[in-house]
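For reference, the structure discussed in these notes is given below.
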Amino acid sequence: MLDHKGIPYRTVTLPTGLHPLVVRLRGFPGHAVSRRVGDRRPSTLAMADRLGTVPALQYGGYRVQTNREIARFLDRLRPDPPLLPADPERRSAVEEAERWGDEVFQMAARRLAFAAVLHGRDGMIDRANDGRLGPLLWRRETIRFVGARVIGRVAFAASLATEPELLGLVPGMLDRIDAWIGAGVLDGGALNAADFMVAPSLALLCYRRDLRADVEARPAGGLVERVLPEHSWNPAGVAAGAG
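Residues in the sequence shown are numbered consecutively from 689, following the numbering used here.
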């Protein structure tokens with residue numbers, strides 16, 4: 689979104705696993721409400737959310753967290769090009785897609801990524817060493833393999849038992865995204881906050897061998913290629929600081 693706005697920034701790399709604590713130490717307030725995993729709020733995830741996770745944006749004296757809040761902050765900072773449409777009806781549709789992408793689709797994509805690791809190191813394409821989002825979580829393959837299995841089980845309830853249900857939800861989720869694309873809510877003439885919310889989760893699904901071809905064959909594949917073309921990931925880190 690910062691690139692889209694033409695706002696220069698510096699990326700700050702935080703250590704995976706310790707990033708909630710580091711974010712708090714850097715002066716970010718954290719979140720009062722934790723994310724849900726199905727109908728549960730795992731205590732480990734709740735603690736991380738209370739401390740505060742990435743993305744975390746520092747701009748001058750401002751500290752802003754969560755994708756949705758950052759999008760609104762950037763629109764106030766630099767209105768053009770807008771991330772949220774001015775027309776009330778169009779804005780409502782974009783906000784609905786953005787909210788779903790944040791609260792529902794992102795969690796499903798993360799849980800499916802963690803579940804893929806349970807099938808072994810080759811459960812993901814190129815063992816998740818490369819892709820539209822770069823190396824996932826850790827650069828070292830062994831640390832990624834062990835760490836992802838632990839975090840997936842403890843914080844995201846990702847297991848071989850929950851994986852079939854999650855996989856069963858994917859076609860309907862992709863159909864919903866394709867319908868929004870057909871209606872111009874996503875992947876329209878100008879990118880919006882919902883595009884930037886949904887595309888990274890689509891990119892994450894593309895790390896799974898059994899899902900990549902289906903995603904890329906759909907209109908959803910065109911969206912992820914537009915927002916996150918192959919090898920577009922920033923090798924410098926995962927959290928942005930600007931100003």
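We treat Cβ as the ideally placed atom computed from N, Cα and C, and that holds for glycine.
Treat the numbers as computed from the prediction; the structure is a model and nothing was measured.
The beta carbon of His692 sits closer than 7 Å to the beta carbons of Pro769 and Leu879 from its chain, once the five residues preceding and following it are set aside; these are given in chain order.
A Cβ-Cβ separation of about 14 Å leaves Leu800 out of contact with Arg837 under the 8 Å criterion. Excluding five sequence positions before and after Trp868, the CB atoms of its chain that fall closer than 6 Å to its own CB belong to Ala785 and Leu874, given in chain order. Secondary structure at Leu862: helix, using DSSP grouped into helix, strand and coil. Pairing Gly876 with Met689, the inter-Cα distance amounts to about 16 Å. Between Phe793 and Val886 a beta carbon distance of about 6 Å is seen, short of the 8 Å cut, so the two are scored as contacting. The shortest C-alpha to C-alpha distance from Ala846 to any of Leu857, Phe884, Ala804 and Leu821 is the one to Ala804. A distance below 7 Å between beta-carbons, with the five flanking residues on each side excluded, links Val858 to the following residues of its chain, in chain order: Leu899. A check of alpha carbon separations from Met861 across Gly872, Leu893 and Thr850 identifies Leu893 as the nearest.
A direct Cα-Cα distance of roughly 7 Å separates Asn755 from Pro743. By the Cβ neighbour-count rule, Val782 is buried, with 16 or more other Cβ atoms within 10 Å of its own. DSSP lists Val752 as the beta-bridge partner residues of Leu745. According to DSSP, residue pairing for Arg896 in a beta bridge involves Met812. By the CB criterion at 8 Å, Leu771 and Arg779 fall outside the cutoff.
Straight-line measurement puts the Cα of Phe833 at about 32 Å from the Cα of Ala881.
Glu829 sits close to Arg809, with the two beta carbons spaced by under 8 Å.
Nearest C-alpha to Gly819 among Leu702, Glu913 and Ile839: Glu913.
With a contact defined as Cβ atoms closer than 8 Å, Asp883 and Leu916 miss out at about 10 Å. Distance from the CA of Arg714 to the CA of Ala905, rounded to the nearest whole angstrom, comes to 42 Å. Note on Ile839: 16 or more other CB atoms within 10 angstroms of its CB, so buried under the neighbour-count rule. From the listed residues Ser889, Arg815 and Arg897, the smallest Cα separation to Trp788 is found for Ser889. A check of alpha carbon separations from Pro696 across Ala774, Gly856, Arg766 and Leu848 identifies Arg766 as the nearest. Per DSSP, the continuous alpha helix (DSSP H) segment holding Arg914 begins and ends at Pro907 to Val915.
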